[in-house]
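Q:
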Amino acid sequence: EDRRYKAEARRLQAEMSKLQQELGNERAMKAAHDSDKMALEEEIARLKREYAIELTELRSRYKTADLDISQFLDKDLVNKLKQIRNDFENETNHQRESIQSRYSITVNEITRQMPSVANAPNNQQQLRQVEVYRADLTDIKNKRSYMQAQNEQLKNRVDDLALKIKSLKESGSYSIAAADKEIAEAKARLAKASSDYDSLASLKVTLEKEICNYRDLLESQNGLRPYVDRIMASAHQATSNQFVTGNRTSTTVVRNVIESTGSGGR
1 EDRRYKAEAR
11 RLQAEMSKLQ
21 QELGNERAMK
31 AAHDSDKMAL
41 EEEIARLKRE
51 YAIELTELRS
61 RYKTADLDIS
71 QFLDKDLVNK
81 LKQIRNDFEN
91 ETNHQRESIQ
101 SRYSITVNEI
111 TRQMPSVANA
121 PNNQQQLRQV
131 EVYRADLTDI
141 KNKRSYMQAQ
151 NEQLKNRVDD
161 LALKIKSLKE
171 SGSYSIAAAD
181 KEIAEAKARL
191 AKASSDYDSL
201 ASLKVTLEKE
211 ICNYRDLLES
221 QNGLRPYVDR
231 IMASAHQATS
241 NQFVTGNRTS
251 TTVVRNVIES
261 TGSGGR
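Count the sequence shown with the UniProt record's numbering and you get residues 1 to 266, in order.
(1) For methionine 29 and glutamine 21, what's the separation of their Cα atoms in angstroms?
(2) By DSSP, does glutamate 1 sit in helix, in strand, or in coil?
(3) Within 10 Å of its beta-carbon, does serine 38 have 16 or more other beta-carbons around it, so buried, or fewer, so exposed?
(4) Could you check what DSSP says for glutamate 41 in three-state terms: helix, strand or coil?
(5) Taking 9 Å as the cut-off, decide whether the C-beta atoms of isoleucine 105 and arginine 157 are in contact.
(6) If leucine 47 sits next to alanine 162, beta carbons under 8 Å apart, how far is it from one beta carbon to the other, in whole angstroms?
(7) Looking only at its chain, what residues have a beta carbon closer than 7 Å to the beta carbon of arginine 96, apart from the 5 residues adjacent to it on each side?
(8) Between arginine 210 and arginine 134, is the Cβ-Cβ spacing less than 9 Å?
(9) Rounded to whole angstroms, what's the CA-CA distance from asparagine 142 to glutamate 26? Just pull it up for me.
(10) Would you tell me roughly how many angstroms separate the C-alpha atoms of serine 145 and alanine 32, rounded to the nearest one?
(11) Hey, how far is the Cα of aspartate 87 from the Cα of histidine 94?
(12) In whole angstroms, what separates the C-alpha of asparagine 151 from that of alanine 193?
(13) For residue 321 and serine 167, I'd like the C-alpha separation in whole angstroms.
(14) Based on Cα-Cα distance, which residue from Ala149, Lys82, Arg10, Leu137 lies nearest to valine 205?
(15) Report buried or exposed for threonine 56, applying the criterion of at least 16 other Cβ atoms within 10 angstroms of its Cβ.
(16) With burial defined as no fewer than 16 other Cβ atoms inside 10 Å of the residue's Cβ, what is the status of alanine 186: buried or exposed?
(17) Comparing alpha-carbon positions, which option in Ile140, Ile53, Ala191, Asp159 lies nearest serine 101?
(18) Between the alpha carbons of glutamate 89 and aspartate 216, how many angstroms are there, rounded?
(19) Have a look at Ile231, Ser202, Arg189 and flag the residue whose alpha-carbon is nearest the alpha-carbon of leucine 40.
(20) Using the Cα positions of threonine 92 and methionine 147, report the straight-line distance between them to the nearest angstrom.
(21) Does the ligand MG have a heavy atom nearer than 8 Å to the CB of alanine 233?
(22) In whole angstroms, what separates the C-alpha of lysine 82 from that of arginine 49?
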């Protein structure tokens with residue numbers, strides 16, 4: 001029984017260490033994602049400046065501030081952009097609702113089970129809770145990776161759009177004003193993706209706090225720590241008693257041998 005409790009305690013500590021390592025990896029991924037987002041924002045700002053300059057030149061060429069962009073507008077391109085925006089918004093909303101639902105269920109379950117855990121700690125139940133937390137954290141990490149891939153795909157589409165706009169502009173069949181509008185829509189989608197990412201990061205921080213609270217409950221004096229300490233003390237006491245008993249037995253045997261040898265000599 002003592003060995004089993006010790007093994008479970010070691011396993012619990014290993015799970016906590018693994019969770020901390022995964023959280024560190026999440027922070028590194030978040031930093032990389034933030035760097036990619038900043039690079040994308042800078043690229044969009046650069047494209048917007050270039051198109052603003054070209055729009056000014058085009059207006060001065062036509063000598064009017066009111067350009068009829070309908071003759072340059074590519075309806076197929078507009079429809080494709082709208083479809084991309086709708087698909088991205090639908091996927092983002094679905095992911096956000098799924099994460100919020102899972103988080104609400106997890107928080108309600110923790111709130112419901114917290115009194116029983118505080119009054120009578122159950123090691124097996126605590127281990128299962130740690131597994132649930134780790135699974136939730138892994139699920140959030142996968143969803144965030146998926147959103148990062150979606151953002152990368154959006155960046156590629158923006159780059160493709162920029163190339164297509166440049167080609168159409170060079171052939172004289174597209175307006176700079178329409179390009180500026182499409183860039184603004186792409187920037188709006190990027191802002192929405194950034195907002196969704198911030199919501200996901202906030203959700204991850206909240207889950208980290210829940211895990212820290214649960215770990216404090218396990219390692220505090222009111223949690224599993226006193227039980228583990230008593231088990232370790234009992235095991236140490238049992239080992240000491242066995243060692244003392246063995247020494248006494250060895251001393252008695254040696255004494256009997258000496259007495260027998262002395263009697264034989266006489």
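Glycine included, each C-beta is placed from N, C-alpha and C at the ideal position.
A: Concretely, from the data shown:
(1) 12 Å
(2) coil
(3) Here residue 38 is methionine; the residue named in the question, serine, does not match the sequence. That one is exposed.
(4) helix
(5) no
(6) 6 Å
(7) Asp196, Ser199
(8) The amino acid occupying residue 210 in the given sequence is glutamate; arginine does not appear at that position. Not in contact: glutamate 210 and arginine 134 (Cβ atoms no closer than 9 Å).
(9) 10 Å
(10) 11 Å
(11) 11 Å
(12) 7 Å
(13) A question about residue 321 goes unanswered here, because the residues of the chain that appear run from 1 up to 266.
(14) Leu137
(15) exposed
(16) buried
(17) Ile140
(18) 39 Å
(19) Arg189
(20) 8 Å
(21) Inclusion of the ligand MG in the displayed structure is not the case, the ligand content being empty and no account of it being possible.
(22) 23 Å
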